[in-house]
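Below: the structure, in structure tokens.
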Amino acid sequence: MWRASILFINFFLIILAYYHIKPASRSLFIEYLGAESLPYVWISTAVILGLAISYYHRLLERSSRLNLVLGTLAVFIAFLLLFHSLLDQQGKIIAVAFYIFVDIFSVVLVEQFWSLTNSIYKVSDGKRWYGIVGTGGLLGGVIGGKMAKMWIEKAGFDTSDLLLFAVAILAVLMLLNLVFARIGVYDEDNKTSETTRFHEGWESLVKNRYLILIAMTLLLSQIASPLVEYKFMSMVQEHFTDLDQRTGFLSGFFANLGLISIGINLLVTPFVHRHFGIIAGLTLQPFFLLISTWSFYLHPGMLTAQIMKISDRGLAYSINRASRELLYVPIGSLQIYQAKAWIDMFGYRLFKVAGSVLILLLTQWLPFSVSTIGLSWLTMMVCLLWMVAIFLLAREHRLVIQASPA
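In my numbering, the protein residues as written are 1299 to 1704.
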């Protein structure tokens, strides 16, 4: 309980900082480029992460886990201060660069946190505590969104000021990580199975059927995610034209999204994991996304767009996240870091590129065009393929669990 509580605080602060800058990045991008340009910035983010992944691998091999986390936090603080000084220029280039930075911020810090968490827990302990640990991030999203909305609408700050609040939160997180390390919170569990003999990230990944299927379930979700985001942000652009008003709405929506995710994490996740298992937990997101997308197609509007977004991200941040992270626990700690670097950072963005290209093809590049609402058919097809991949993963997961230590 002590370790889970400390990890709860760590994850809480990461997402608290993120939800100060996430609505700012989205609102600024729409202000200067419009929702129709979102697929281009998603592709740019993936390219940058792809170029950085090899360097990140070398850092994993040469640096301690703690030093890597602390160094990452210091770099992000420096960039936030730089962007704060540049946002007043209010140009398209700055808006694009800031959006890409915020996307990378969330991927790197969240994956570093979960990789560290996976390396210090066994499967049995993970099932007991991951719901609580994950709720720290969800609570950070709720409070971060509410705080950002308050700074904008009640306290008189503007969108760019949210970056300074994020800097302060990251500085506190750096200090706490040093304290947590000194008291032994990050001591790794000794996973002695054969999987600890890992032969370089990508080569080993493509030879491991279990990891391939984990990747497929995640990556299919990342084809669906930009489709949902594109439809949702198009509706936001249509309904909110003022920058700070739009930032306030997005902050409030993300906070409410976090509240729903917390409810799922506390009430649904433990029940489903205990009585139906991890695979059932993975299936809920594509199933409900399929239903909500169908509802949006029949009755397009701001309400159904929000329900569709909640079905995607609300379940992704709660039961799907906890279920997916439990899939990694039977694997050796080094393999966790390296495999997740490929799957969750590189592959995650690569498949978001695939979703982005599909959006551009269907809405802009082909001689004929599909409406924003018409993209719902593609989303539903992806959800069906996603559920098939989960079905195939179920058998491999049983075999890995049987072969792993208790």
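For each residue, glycine too, the CB sits at the ideal point set by N, CA and C.
Model, not experiment: these values are computed from the prediction.
- Item | Integer-rounded CB distance, given that residue 1613 should sit under 8 Å from residue 1562 | A Cβ-Cβ distance of about 7 Å is found for the pair residue 1562 and residue 1613, placing them in contact under the 8 Å criterion.
- Looking at the structure shown, is residue 1331 part of a helix, part of a strand, or coil, going by DSSP? Three-state result, residue 1331: coil.
- Message: Just verifying my parser: in three-state terms, what is the DSSP assignment at residue 1574?
- Response: Residue state, collapsed to three classes: coil.
- Own chain residues within Cβ distance below 7 Å of residue 1619, not counting five before or after: 1432.
- Task: Please confirm whether residue 1567 and residue 1334 have their CB atoms less than 9 Å apart.
- Result: For the pair residue 1567 and residue 1334, the CB atoms are not nearer than the 9 Å cut-off.
- Item | Secondary structure, alpha helix (DSSP H): runs of 4+ residues fully inside the region 1528-1605 | The region 1528-1605 contains, as complete alpha helix (DSSP H) runs of 4+ residues, the segments 1541-1561, 1567-1573, 1576-1596 (chain order).
- Query: When burial is assigned at 16 or more other CB atoms within 10 Å of the CB, is residue 1583 buried or exposed?
  - Reply: With a 10 Å radius around the Cβ and a threshold of 16 neighbouring Cβ atoms, residue 1583 comes out buried.
- Name the two residues that bound the continuous alpha helix (DSSP H) containing residue 1374. It spans 1363-1384 - the alpha helix (DSSP H) in which residue 1374 sits, taken as one unbroken run.
- Could you spell out where the alpha helix (DSSP H) holding residue 1618 opens and where it closes? In the DSSP assignment, residue 1618 falls within the unbroken alpha helix (DSSP H) covering 1617-1626.
- Message: Among the candidates 1596, 1622, 1597, 1543, whose CA atom is the shortest distance from the CA of residue 1580?
- Response: Per the Cα distances, 1622.
- For residue 1556, does the count of other Cβ atoms within 10 angstroms reach 16, so buried, or fall short, so exposed? It counts as buried.
- By Cβ distance, which residues of its chain are closer than 7 Å to residue 1412, with the 5 residues on each side in sequence left out? Beyond the five residues adjoining it in sequence on each side, residue 1412 comes within less than 7 Å, by CB distance, of 1623 in the same chain, given in chain order.
- residue 1299 (DSSP reduced to helix, strand or coil): Collapsing the DSSP output to three states places residue 1299 in coil.
- Helix, strand or coil at residue 1610 according to DSSP, with G and I counted as helix: Here residue 1610 sits in helix by DSSP.
- Return helix, strand or coil for residue 1433, following the three-state DSSP convention. In the structure shown, residue 1433 sits in a helix (DSSP, three-state: H, G or I).
- Item | residue 1463, buried or exposed, once every other Cβ within 10 Å from all chains shown has been counted against 16 | By the neighbour-count definition (other C-beta atoms within 10 Å, threshold 16), residue 1463 is a buried residue.
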